[in-house]
Amino acid sequence: MKHRGRHRRRRRGRALRATLAGTALALTAAATLISASQATVGGNPGALKPLTSSADLGRLRLTEQQVPRRWLDRLAAGMGRPVGVAAVLDGTDRALRGAAQCTAGERRALPVEPPAARAYCWDPADAATSRWEPESVTTSGDADDDGRWGPHRVILSGWTRTGGPAADRGLARVAFVDDDDPRHPSYTWALLAVPVDGGRDFRGLRSRVSGMVWYQDKLLVTASGADGAALYVYDLHRIQRATVAGDAVGRVPGGWSAHGYRWVLPAVAAYRPAAGSCGREPAAGTPCPDGLSLDRGTAPDSLVASVSGAAGSGRHTRLWRYPFSRDPARSGLLAVDAAGTAPAVEAYESRADGVRGVLSYRAAPSARPEWYLGRAPGGADGHGTLWRQDVRGAQAATCGEAASHRCWGDGTGSLSYWQQTGEVWSLSGRTLFALPLAAVDRSLR
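Numbering-wise, the sequence shown is residues -26 to -1, 1 to 419 according to mature numbering (1 follows the signal peptide of the UniProt record, and there is no 0).
Next up, the structure:
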């Protein structure tokens, strides 16, 4: 039955791609409106440098710390029985706007070459706010090998609170997008939280969610130094309902509040550096990722992590990976040894800086991995560069009369590959978009 279901899904995927062809043409036309006078940019990062010494890999080890089960059960006893993704999707209350409804400024943020095949803009209230910043994306294409979560196509987008009262800055929320009908996707918000006081309360996670991966039933997010952690983990079968509306976070008179949102995700685990800490200024070599993605081309599947210096800093980017556990009792968690330590199994250094999104992909199991690195804008035109890099060298698309490498999006966020559709999903400015990975590769030839 599973195989027949997958065949039906593949047919639906082919039909979906066909119906979106018109959207791709429209977005291609929009891209031509962007100035073609971009200056040529140097800075080719060249070949990746493998990091193979035991010292290099040893510094990247993480220690797993699970939230005690009794804490989670106590929280559920107070808040009510947890729900799953389907319940959240049943309550979507906002609509994404299609490319035609996006503003000219929102469309200008999209990649020039290759152009986006699909693009969406958030509800006007979310698109207009300067207090929250969208930074990351993952999909049900990461979560399950058939590309769906149950019957649903789902997109998750992580946002960070960057403005407003100081007490609220650093909060993290996730948009749950119902993409079953790509003509009318809708979404709602959930707050990321951490249980405290033995599960009698929770606090908001304070972190830039610049990277996130949904794998099996777990959502892994970057911690950006929250409590010295490198990653936090959320169970998508353990989503709790808020019962009190308001800006407070946690237990309040009369119930539970999640900063005005109806849903809250309490963390179930964290990963911390085995040596050092992800504080404000972590020591060089400490595994404090600012980017995450999933690679299904390894055995077992692996979590790709990256950390990069700011654009123009000259600080090189490190890329590495952790294998996921094959133990059914540890679904969605990293493989660990008897001491609860997750080892890194592969690492590289890139001379690129300002990297916002990283993806690793193998065209075949025996092939070398190709690494795709999205760099921040390097000029006044606001467009960044997407490099494809491996141990032999690097390539990027060119566009405009001056053959600029600045063809990628404006401030593009993390990268997520949807294997069943062949699409890469990302964020550019406040615009959510997808394009075929095959189109990226064609643009580099």
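Heads up, the beta-carbon is just placed ideally off N, CA and C, and yes, glycines get one too.
Contacting residues, own chain, Cβ-Cβ under 8 Å from Q393 (five flanking each side not counted): G115, D119, G121, R270
For E87, the three-state DSSP class (helix, strand or coil): coil
Cβ-Cβ separation, L347 to A326 (assumed contact under 8 Å), whole Å: 5 Å
Who are the Cβ neighbours of G314 in its own chain at under 7 Å, not counting the five residues just before and after it? T37, E38
Since L268 is in the beta strand (DSSP E), which residue starts that stretch and which ends it? 265 to 269
What separation, rounded to the nearest whole angstrom, lies between the Cα atoms of G202 and P317? 18 Å
Using the Cα positions of D171 and P24, report the straight-line distance between them to the nearest angstrom. 44 Å
Within 7 Å, strictly: CB atoms of I129 and V148: no
Alpha carbon to alpha carbon, what distance is there between A29 and P159? 47 Å
Please list the terminal residues of the continuous beta strand (DSSP E) segment that includes V414. Unbroken run through V414 is the alpha helix (DSSP H), 411 to 417; no beta strand (DSSP E).
Do you know offhand how far V111's Cα is from V195's? 10 Å
Check for me: the alpha helix (DSSP H) holding E80 runs from which residue to which? 78 to 82
Is S114 helix, strand or coil when you go by DSSP? helix
Rounded to the nearest angstrom, what separates L418 and Q363 at their Cα positions? 11 Å
Reducing DSSP to helix, strand and coil, say where L406 ends up. strand
Kindly list the residues whose CB is nearer than 8 Å to the CB of R44, restricted to its own chain and excluding five residues on each side of it in sequence; keep chain order. G172, G173
Would you be able to state if there are at least three C-beta pairs under 8 Å between the region 404 to 414 and the region 86 to 93? yes
Let me know the secondary structure DSSP gives A241 once reduced to three states. strand
Nearest to A284 by alpha carbon, out of V365, Y322, R349? R349
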